[in-house]
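Those protein sequences? They're chains A and B, same order as listed. The numbering of the first sequence is this note's numbering, which starts it at 1 and goes up by one. The numbering of the second sequence is this note's numbering, which starts it at 1001 and goes up by one. Below is one structure, written out as structure tokens; the observations come after it.
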Amino acid sequence: MITTTFLMAITAIRRNAMRSFLTTLGVIIGVASVIAMVTLGRGATASVTNDISSLGNNMLIIVPGADRRFGSSSSAQPFTQNDVRAIREEVPAVALVAPTSGGAARIVYGNQNWSTGVTGADNSYLRVRNWVVELGREFTDGELRTGEAVCILGETPRRELFGAGDPIGEQIRVGTVSCEVIGVLESKGTSTFGEDQDDFILMPLVTFQRRISGNDNIGAILVSATEGVPTRDAQLDLIALLRQRRRIHVGDEDDFVVRDMQEIGQVVSTVTGVLTTLLGAIAAVSLLVGGIGIMNIMLVAVTERTREIGIRMAIGARAGDVLLQFLVEAITLSVLGGVMGIALGLLGSYGAATAFDLPWVPGLDVIVGSFVFSAFVGVFFGYYPAHKAAQLNPIEALRYE
Amino acid sequence: MTTLVEIRDIRKVYGHGETEVRALDGVSLDIAEGDFVAVMGPSGSGKSTFMNILGCLDVPTAGSYRLRGIEIGKLDRDTLALLRRHQLGFVFQGFNLLARTSALENCELPLLYQGVPGAERRKRAMEALDRVGLANRAHHLPNELSGGQQQRVAIARALVSRPAVILADEPTGNLDSTRSEEIMKLLVELNDKQRITIAMVTHEPDMAAYARRVVIFKDGRVVSDERKSGVVHAPLPEQGGAA
Ligand SMILES: Nc1ncnc2c1ncn2[C@@H]1O[C@H](COP(=O)(O)OP(=O)(O)OP(=O)(O)O)[C@@H](O)[C@H]1O
Ligand SMILES: [Mg+2]
């Protein structure tokens, strides 16, 4: 009986193909926007999370200055090589320690020049930040110790100075210093926030301090937590050690900040997750509106088909049979709308993801979820008209003009 | 002779107080299996009300109606629907075919509700259309058929479920006299050959003449109940056997 009811529903829908399509349009748009919003939102989340992890896994950044909500004040005393040694020796929760110092400089090769960031660091910086030397080599221990004038280029400076040429072994000028290019980093591309991650060059820390900044300050220390140790633990150990070394009294505020990148990543993905849910919810409201459209048309259909209902009842349809017929019709309409909406939403979000350069992450859960929801919309909004049809008096229905 | 319908003193009252209308005011009537009853009477005399109760589309306000021994007044909506599904066939003045639905599909509809499987449904619907001489119009839509043809499809639809009684409220009311005669001949044939019991409302004595028995209503009561001499009919088998 249910299959024949379903076939009757299909027949009724096909008989009014254009109107059926317009009726389901609300559901189509509703489902499509839920799918598109959630898919795009998740793409954005994935992209941000990816950015954060491309900064480095288990990474903590230690910078001098009290924690002001926007950056840190620069008045605080910088770190020294002794701080770095102490961290290496006294904090087992930390695996790698990469002291860095940075500034900006104009770099010149032939008649090409480019303004970029210059970071003084050693090879552990590459480990902590997940940088890979794609061309050439890393620094040697000798170069690091004696502060040789060598540098490794990010992809952007390489492109700006050398274009298609081979940079390895060439001399470039960094500020006033002549420097040999020994390597090029693999590109990380642009972050979700639009920042070019490849726009910098690396040189040994000692070289940077002596030849560029002119002091032996360490601007920031990047560390990575030991495998299996929660970054939170490493963070607490570092704070304890540095407070002691910088002689901060109990109760006084830290004059440095230990930032947990993972924590930032979690905060950011929570925020984008909330946004995704919010957008999805707004889209779901449009699905409800689509449901009201179905109810509206089903009510019209019940009135229009009063005589048909009377005929069916005279022939022997029970109230339940009529109810089922109209309910199945409403559900079929909304489910058809749901299927078309899913297709449209996937297509649309794919197009948008490609356009915005976001990863496309269609989720089975949203697809199944919006399918079930659209069926539910059919049941919910189809019930009242169907009930109305079922309650008709056969004699009056037959007499209806 | 088997009594199919036993009606005792039924009443149907619409409204109450000042506006009370006694559509049926104490009607008693028996209909034997295989009978062909024509119901006549002036407009507003309660013929349609009577047919609706007979067809289990409505229940009387008072009195007893037994169909095959089952007391109808006590049944709920769904049981009445099941009785209509299995025992009754309807033919209406306005044909009442489903629009944009082929003659064949219209005839299949009662079988659909009976749960008859697809292939058999199609076969039986086709046979019914053949009975009324419209096998060659099976795939036509109602609006592609003449009034007389539409009414024949409606008759096919009424008889396809092998009902105990076919109820026809002014079946020829919308047809010219030639078409009307065709319909009447068809009903007579069904009654004679297939032993289907028929109750029919008509205003025209010419049409009533085809019936075995004529009942006349006035103001909600039966004022006359006559059995015809039966020239156009084969004798009722039970009568023949008993005589
Ligand atoms: N639903 C109703 N509500 C109130 N009164 C009704 C209703 N149905 C019928 N009546 C009244 O009952 C009486 C009998 O009506 P019915 O339809 O049975 O007459 P009829 O003999 O079929 O007349 P006609 O030959 O014109 O079809 C009429 O007075 C009519 O107004
Ligand atoms: Mg009438």
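Glycine residues also receive a C-beta, built at the ideal position from the N, C-alpha and C atoms.
Can you tell which of A:G273, A:N215, A:S191 has its C-alpha closest to the C-alpha of F79 (chain A)? Locating residue 79 (chain A) in the first sequence gives position 79, where the first residue counts as 1. It is A:N215 whose Cα lies nearest to the Cα of F79 (chain A).
Determine, using beta carbons only, whether F1092 (chain B) comes closer than 9 Å to chain A. By one-based count along the second sequence, residue 1092 (chain B) stands at place 92. Against chain A, the CB of F1092 (chain B) has a partner CB under 9 Å away; the residue lies at that interface.
Per DSSP, which one or two residues make a beta bridge with N113 (chain A)? Along the first sequence, read from residue 1 onward, the residue named residue 113 (chain A) stands at position 113. Answer is A:V108, bridged to N113 (chain A).
I61 (chain A) versus P359 (chain A): straight-line alpha-carbon distance, rounded: For the purposes of this step, residue 61 (chain A) is taken as residue 61 along the first sequence, with counting starting at 1. For the purposes of this step, residue 359 (chain A) is taken as residue 359 along the first sequence, with counting starting at 1. Spanning the two alpha carbons is a distance of roughly 28 Å.
If I measure Cβ to Cβ from S1177 (chain B) and keep anything under 8 Å in the same chain, skipping five residues before and after, which residues do I get? Translated into positions along the second sequence, residue 1177 (chain B) becomes position 177. So the qualifying residues of the chain are D1206.
What separation, rounded to the nearest whole angstrom, lies between the Cα atoms of A283 (chain A) and G30 (chain A)? One-based indexing of the first sequence puts residue 283 (chain A) at position 283. One-based indexing of the first sequence puts residue 30 (chain A) at position 30. The alpha-carbon of A283 (chain A) is positioned some 6 Å away from that of G30 (chain A).
According to DSSP, is G102 (chain A) helix, strand or coil? As a first step, residue 102 (chain A) is located in the first sequence; it is residue number 102 there, counting from the start. G102 (chain A): strand per DSSP, three-state reduction.
Under 8 Å: do the region 236 to 255 of chain A and the region 95 to 104 of chain A share three or more Cβ pairs, one atom per stretch? Counting Cβ pairs under 8 Å, fewer than three are found: no touch.
Starting from T1003 (chain B), trace the beta strand (DSSP E) in both directions and tell me its first and last residue. Your numbering for residue 1003 (chain B) matches position 3 in the second sequence. 1003 to 1014 is the span of the beta strand (DSSP E), which, as asked, contains T1003 (chain B).
Can you give me the C-alpha to C-alpha distance between K1193 (chain B) and L1186 (chain B), rounded to a whole angstrom? Translated into the one-based positions of the second sequence, residue 1193 (chain B) becomes position 193. Translated into the one-based positions of the second sequence, residue 1186 (chain B) becomes position 186. Approximately 10 Å, taken between the alpha carbons.
For chain B, is any of its Cβ atoms less than 9 Å away from the one on T306 (chain A)? In the first sequence, counting from the first residue as 1, residue 306 (chain A) sits at position 306. Residue-level contact check: T306 (chain A) does not touch chain B, since none of the beta carbons of chain B fall below 9 Å from its beta carbon.
In chain order, what are the residue ranges of uninterrupted alpha helix (DSSP H) at least 4 long that sit wholly in the region 15 to 66 of chain A? As far as the region 15 to 66 of chain A is concerned, its whole alpha helix (DSSP H) runs of at least 4 residues are 17 to 55.
Taking the alpha helix (DSSP H) that Y1113 (chain B) falls in, what are its first and last residues? By one-based count along the second sequence, residue 1113 (chain B) stands at place 113. That run of the alpha helix (DSSP H) goes 1103 to 1114.
Count the other CB atoms, across all protein chains shown, that sit within 10 Å of the CB of A386 (chain A); report buried if there are 16 or more and exposed otherwise. Numbered from its first residue, the first sequence carries residue 386 (chain A) at position 386. With at least 16 other beta carbons inside 10 angstroms of its own, A386 (chain A) counts as buried.
Using a Cβ-Cβ cut-off of less than 8 Å, give me the residues of the region 1105 to 1135 of chain B that come near chain A, in sequence order. So the close ones are L1109, P1110, L1112, Y1113, Q1114, G1115.
Return the Cβ separation of E155 (chain A) and L126 (chain A) in integer angstroms, given the expectation that the two are a contact with Cβ distance under 8 Å. What you label residue 155 (chain A) is simply residue 155 of the first sequence in a count that begins at 1. What you label residue 126 (chain A) is simply residue 126 of the first sequence in a count that begins at 1. Contact between E155 (chain A) and L126 (chain A) does not hold, since the beta-carbon distance rounds to 14 Å and is not under 8 Å.
Would you say the region 1091 to 1098 of chain B touches the region 1054 to 1061 of chain B, given that touching needs at least three Cβ pairs under 8 Å? Cβ pair count under 8 Å is below three, so no.
Closest Cβ-Cβ distance between S1045 (chain B) and chain A: below 9 Å? Numbered from its first residue, the second sequence carries residue 1045 (chain B) at position 45. The C-beta of S1045 (chain B) comes no closer than 9 Å to any C-beta of chain A.
Flag this pair as yes or no: are the beta carbons of E1006 (chain B) and A1164 (chain B) separated by less than 9 Å? Translated into the one-based positions of the second sequence, residue 1006 (chain B) becomes position 6. Translated into the one-based positions of the second sequence, residue 1164 (chain B) becomes position 164. Cβ distance not < 9 Å, so E1006 (chain B) and A1164 (chain B) don't count as in contact.
Measure the CB-CB distance between W114 (chain A) and K188 (chain A) and report whether it falls below 9 Å. Locating residue 114 (chain A) in the first sequence gives position 114, counting from the first residue. Locating residue 188 (chain A) in the first sequence gives position 188, counting from the first residue. In this structure, K188 (chain A) does not lie closer than 9 Å to W114 (chain A) by Cβ.
Within its chain, find whatever has a CB closer than 6 Å to the CB of S72 (chain A); leave out the 5 residues flanking it on each side and keep chain order. Indexing the first sequence from 1 puts residue 72 (chain A) at position 72. Legend: pLDDT at S72 (chain A) = 47, less than 50; position of this residue unreliable, value from coordinates given subsequently. Counting only Cβ-Cβ distances below 6 Å, and skipping sequence neighbours, we find V63, G65, V257.
So does D1169 (chain B) have its beta carbon nearer than 8 Å to some heavy atom of ligand 4? Among the ligands in the structure shown, ligand 4 does not appear; only ligand 1 and ligand 2 can be found there.
With a threshold of 8 Å, establish whether the CB of T1172 (chain B) neighbours any heavy atom of ligand 1. The residue given as residue 1172 (chain B) occupies position 172 in the second sequence. No; taking the cut-off as 8 Å, the Cβ of T1172 (chain B) has no heavy atom of ligand 1 nearer than that.
Just reading off the beta strand (DSSP E) that D1076 (chain B) is part of, what are its end residues? The residue given as residue 1076 (chain B) occupies position 76 in the second sequence. No beta strand (DSSP E) contains D1076 (chain B), which DSSP labels as neither H nor E.
Whole-angstrom distance between A1023 (chain B) and D1219 (chain B), CA atom to CA atom: Taking the second sequence and counting its residues from 1, one reaches residue 1219 (chain B) at position 219. Taking the second sequence and counting its residues from 1, one reaches residue 1023 (chain B) at position 23. Rounded to whole angstroms, the gap between the alpha carbons of D1219 (chain B) and A1023 (chain B) is 7 Å.
Backbone secondary structure at L346 (chain A) - three-state DSSP: Against the first sequence, residue 346 (chain A) aligns to sequence position 346. Helix.
Could you check how far apart the C-beta atoms of L364 (chain A) and I35 (chain A) are, in whole angstroms? I think they sit under 8 Å. Position 364 of the first sequence, counted from the first residue, corresponds to residue 364 (chain A). Position 35 of the first sequence, counted from the first residue, corresponds to residue 35 (chain A). Not really, about 11 Å apart at Cβ, beyond 8 Å.
Taking the DSSP output, what are the residues bridged to F1036 (chain B)? Counting from one through the second sequence, the residue named residue 1036 (chain B) turns up at place 36. Looking at the DSSP assignment, F1036 (chain B) forms a beta bridge with B:I1198.
For T4 (chain A), the three-state DSSP class (helix, strand or coil): Translated into the one-based positions of the first sequence, residue 4 (chain A) becomes position 4. Under the three-state reduction of DSSP, T4 (chain A) is assigned to helix.
Near ligand 1: G1220 (chain B) beta-carbon under 8 Å from a heavy atom: Locating residue 1220 (chain B) in the second sequence gives position 220, counting from the first residue. Yes, since a heavy atom of ligand 1 falls inside the 8 Å radius drawn around the Cβ of G1220 (chain B).
Considering only the alpha carbon of each residue, which of B:R1162, B:S1161, B:I1198, B:I1155 lies closest to R959 (chain B)? Limits of chain B in this structure are 1001 at one end and 1243 at the other, which puts residue 959 (chain B) out of reach.
Here's the rule: buried if 16 or more other CB atoms are within 10 angstroms of the residue's CB, otherwise exposed. What is L22 (chain A)? As a position in the first sequence, residue 22 (chain A) is number 22, starting the count at 1. Here L22 (chain A) is exposed: its Cβ has fewer than 16 other Cβ atoms, across all protein chains shown, within 10 Å.
Output the boundary residues of the beta strand (DSSP E) element that contains H1065 (chain B). Counted from its first residue, the second sequence places residue 1065 (chain B) at position 65. Going by the sequence as given, residue 1065 (chain B) is Tyr instead of His. Here the beta strand (DSSP E) through Y1065 (chain B) covers 1062 to 1067.
Among B:P1042, B:G1044, B:S1161, B:E1018, which residue has its Cα nearest to the Cα of C1107 (chain B)? On the second sequence, position 107 is the one that residue 1107 (chain B) refers to. Checking every option, the nearest Cα to that of C1107 (chain B) belongs to B:S1161.
Could you name the residues whose beta carbon sits closer than 5 Å to any heavy atom belonging to ligand 1, keeping them in chain order? Residues flagged by the Cβ proximity filter: B:Y1014, B:V1021, B:A1023, B:S1043, B:G1044, B:S1045, B:G1046, B:K1047, B:S1048, B:T1049.
At which residues does the beta strand (DSSP E) containing F1090 (chain B) begin and terminate? Here residue 1090 (chain B) refers to the residue found at position 90 of the second sequence. Membership of F1090 (chain B) in the beta strand (DSSP E) is indicated by the continuous run 1088 to 1092.
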